[in-house]
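Structure first, commentary second.
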Amino acid sequence: MIALRSLWTLTHLTLHEAARRRVLLAALIGGLAFLALYAIGLHFVVRESGKHIGTNLVERQITLNVLTLAGLYVVHFLTLMSAVLLPVDTLSGEITSGVIQTVASKPVRRSTIVLGKWLAYALVTSAYLLLMAAGVVLVSRGIGHFSPRGVDRGVPLMALSALVMMTLSIAGGTRLATVTNGILAFGLYGVAFIGGWVDQIGAMTHNQAAVNVGTIASLILPSEAMWQLASWHMQPPIMRDLQLTPFSPASVPSTAMVGWAAGYVAVVLLIGLRQFSRRPL
Amino acid sequence: MNGPALETERLRKRFGSKLAVADLSLTVGRGEVFGFLGPNGAGKTTSLKMLLGLIAPSAGRGRLLGRPIGDRAARAKVGFLPEHFRFQDWLSGRELLHFHGRMFGLGGAALERRASELLARVDLLDAAHRPIREYSKGMMQRAGLAQALLNHPEIVFLDEPTSGLDPLGRRLVRDIIRELRGQGVTVFLNSHLLGEVEATCDRVAFVKQGRVVHELRLGDAPAGLEVELRVAGLSEAGFAALAGHGSDLVREGEVARLRVESEDALPAIAATVVAAGGRLYRMTPRARSLEDLFLEVMGQDQRPG
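As structure tokens, then:
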């Protein structure tokens, strides 16, 4: 009971702290600016596409789907950035400043401190993703009269992708200095990103070695794989099969990769909890 | 409430190749105000962090309030003011206390009452609603002190509590320490402000390179007296007789300094000087300060930290 209350107190404090961060404000302003641009762009595309006589319904639907996916891709990227940058110094910063000493000397478990922060940033990251994804979907619906399919499956996968990054950032902060931690998280993301492309090109050219490299990259960091799976869910079979767009993966991550990503979050968090429990403060 | 508040046995902490605390063995009784003294870098803060479970010792063991150090249940009865108290600076003083109170498992009206009581005690009641980033260094330190007392602790660890405080703030801390002693609370005071320690502590331990090198009970005229005499015409034999009354006789022209056990030695010293034909102009007994003793115990090899 006391442990739960402490957990909530720490989560509550962290939520307040996150709400005061300029990083969050910047992410929100950046996100809103993006949504505005997206709406304007979509407006002109819709207006122009009506003028071409040859444009049939299927082409129009595909164009709108690609644009919506592009919008969601940007949302995914912005969410990953926030997922890393928002909590990157929440532990390392408090360790450096000594703020953590008065908290850790209280009758609370060290793991409660980490879990409280994790929970708070999981809420913030998910809320940001939901807000932005809803923005893109609503713009597509309102301006393009287009409702992408599979959003109910795609957005949770994007959230899992963001949780992977956020957990890495928090767990890294139990051991690493702020800057090192941020560089490491983005470095891993780079590996996964390039790995994803190597995987796709490998699948298209039937190069098994390249596919294997891609799979290994996805195992190292399953974020990009979660996006590929999400985008696969959010397009009609015709787009997937024809592989007409960059969002139509030649090789689709298996559902086992979802299990891997969830396990990844759990294991990285556990490693973080363990590190922090042993760390001199 | 049985047994000492704190006891450690050969606690040791090594960071890589650096030995921060070599061998810390000490006992602090219940209700005692204990001063932990040493130069900067003597391992005082590291020792304190080990006692609070913030750092795991490399070797040795210790018990705090009857439980192994680092134990969570014991920490519920411990208050701690770190050396440079800082916290999320957008919180107000009152919010700060509420947050820390909840970490102690307090809540509701009881926490509200305790927070108000402590804000009044550390003279922050009128600043309680202001964000602590507007606080002066001294106000911040007082907020930290209030935070350490929220849970009615049985033992309070204060790491340099008066650093950054003005004379009024220092007096406030001194008064609070006295009140705590009156309530039977054990106080563990880490400090190098020897005047503060002298004014508040029952007992002190001097640490050097992570070892207790000297312990002293302050109640019983700790360091003896030093007598300064201005005397003319005293023969060598007279000086020799004078030296017999105490130790460490130092002569600088007409002025002589001598260390004696207590002021009971003073009449005999005067008699000796007069009997040896010396003309005594002045005789001033002076209690040796903790600072004199500190410098002596730490030795001349210490450099300012």
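First to last, the sequence lines map onto chains A and B. This note's numbering puts the first sequence at residues 463 to 743. This note's numbering puts the second sequence at residues 8 to 312. Even for Gly, the Cβ is constructed at its ideal location relative to N, Cα and C. Since the model is a prediction, treat every value here as computed from it, not as a measurement.
Rounded C-alpha distance that separates A:H607 from A:T530: Looking at the two C-alpha atoms, the distance is approximately 11 Å.
Can you list the residues of chain A that B:P89 reaches, using a CB-CB cut of under 7 Å? Those are G560, Q563 and T564, listed as they occur along chain A.
Please identify the residue among B:E124, B:D173, B:V163 and B:E161 whose C-alpha is closest to the C-alpha of B:M147. In this structure, B:D173 is the residue among B:E124, B:D173, B:V163 and B:E161 with its C-alpha nearest to the C-alpha of B:M147.
Could you please give the first and the last residue of the uninterrupted beta strand (DSSP E) stretch that includes B:Y288? R286 to A294 is the span of the beta strand (DSSP E), which, as asked, contains B:Y288.
Could you tell me if B:K25 is buried or exposed, where buried requires 16 or more neighbouring beta carbons within 10 angstroms of its beta carbon? When all chains shown are included, B:K25 counts as exposed.
Quick check: what's the CA-CA separation for A:P610 versus A:L553? Roughly 39 Å between the two C-alpha positions.
Taking DSSP as the reference, what is the three-state secondary structure of B:I4? Chain B is shown only over 8 to 312; residue 4 of chain B falls outside these bounds and no answer can be derived.
For B:G42 and B:L196, which I take to be in contact (beta-carbon distance under 8 Å), what is that distance rounded to the nearest angstrom? Rounded, the Cβ-Cβ distance is 5 Å, consistent with contact.
Per-residue burial, A:G644 [other beta carbons within 10 Å of its own, 16 or more giving buried]: Burial of A:G644 is indicated by the presence of at least 16 other C-beta atoms within 10 angstroms of its C-beta.
Count the CB pairs spanning the region 51-68 of chain B and the region 122-139 of chain B that are closer than 8 Å, and state whether there are at least three. Judged by Cβ distances under 8 Å, the region 51-68 of chain B makes no contact with the region 122-139 of chain B, as fewer than three pairs qualify.
Would you tell me roughly how many angstroms separate the C-alpha atoms of B:F22 and B:I62, rounded to the nearest one? Going by the C-alpha atoms only, they are around 11 Å apart.
A:I557, DSSP secondary structure in three states: Looking at A:I557 - three-state DSSP - the assignment turns out to be helix.
Going by the beta-carbon positions, is the gap between B:L59 and A:S567 smaller than 7 Å? Yes.
Does B:L196 have its Cβ less than 7 Å from a Cβ in chain A? Look at B:L196: its C-beta is not under 7 Å from any C-beta on chain A.
Label A:H668 either buried or exposed according to how many other C-beta atoms from any shown protein chain fall within 10 Å of its C-beta, with 16 as the threshold for buried. That one is exposed.
Quick one: complete alpha helix (DSSP H) runs, 4+ long, within the region 593-648 of chain A? 613-635, all fully within the region 593-648 of chain A.
Over what stretch of residues does the alpha helix (DSSP H) that includes A:H538 continue unbroken? Note, A:H538: alpha helix (DSSP H), L519 to L547.
With a threshold of 7 Å between beta carbons, is A:T707 in contact with chain B? Chain B, which has no Cβ nearer than 7 Å to the Cβ of A:T707, makes this no.
Start-to-end residues for the alpha helix (DSSP H) that takes in B:R210: First-last for B:R210: R210 to K215, but that is the beta strand (DSSP E), not the alpha helix (DSSP H).
In chain B, which residues lie with their C-beta within 7 Å of the C-beta of A:T530? Taking a Cβ-Cβ cut-off of 7 Å, A:T530 has no neighbours in chain B, whose nearest Cβ is about 39 Å from it.
I need the boundaries of the alpha helix (DSSP H) containing A:A489, first residue and last residue. Its alpha helix (DSSP H) spans residues R484 to S511.
Would a check of beta-carbon distances place A:T476 closer than 7 Å to chain B? No, A:T476 lies away from the interface with chain B (no Cβ there is under 7 Å from its Cβ).
So with CB distances below 9 Å, who are the chain A contacts of B:H107? Result: T564, V565 and K568.
With 16 other CB atoms within 10 Å as the buried threshold, where does A:L622 fall? Counting C-beta atoms within 10 angstroms of its own C-beta, A:L622 has 16 or more neighbours from the protein chains shown and is therefore classed as buried.
At a CB distance below 9 Å, what residues from the region 109-138 of chain B approach chain A? Give them in sequence order. Answer set for the region 109-138 of chain B: R109, M110, F111, G112 and G114.
Could you run through the region 36-55 of chain B and flag, in chain order, every residue whose CB is less than 7 Å away from some CB of chain A? Answer set for the region 36-55 of chain B: empty.
For a contact meaning CB atoms closer than 9 Å, what does B:L156 contact in chain A? Per Cβ cutoff of 9 Å: no residues; B:L156 is ~13 Å from chain A at best.
For B:I62 and chain C, any beta-carbon pair shorter than 7 Å? Among the protein chains in the structure shown, which are A and B, there is no chain C.
Can you tell me the Cα-Cα spacing of B:G86 and B:T169, whole angstroms? In a straight line, the C-alpha of B:G86 is about 16 Å away from that of B:T169.
Which partner residues of B:G262 appear in the DSSP bridge assignment? It should be noted that the sequence gives Val, not Gly, for residue 262 of chain B. B:V262 is bridged by DSSP to B:R237 and B:E259.
Other residues of its chain near A:W580: CB distance less than 6 Å, five sequence neighbours each side excluded: So the qualifying residues of the chain are I632.
Kindly indicate which three-state DSSP category B:V129 falls into: helix, strand or coil? Coil, per DSSP.
When burial is assigned at 16 or more other CB atoms within 10 Å of the CB, is B:R74 buried or exposed? Exposed, since its Cβ has fewer than 16 Cβ neighbours within 10 Å.
What are the boundary residues of the alpha helix (DSSP H) that includes A:G721? A718 to R740 is the extent of the alpha helix (DSSP H) around A:G721.
Proximity to A:Y535 [Cα-Cα], best of A:V673, A:N674, A:R637 and A:V617: Comparing alpha carbon positions, the residue from A:V673, A:N674, A:R637 and A:V617 closest to A:Y535 is A:V617.
DSSP on B:F92, reduced to helix/strand/coil? Coil.
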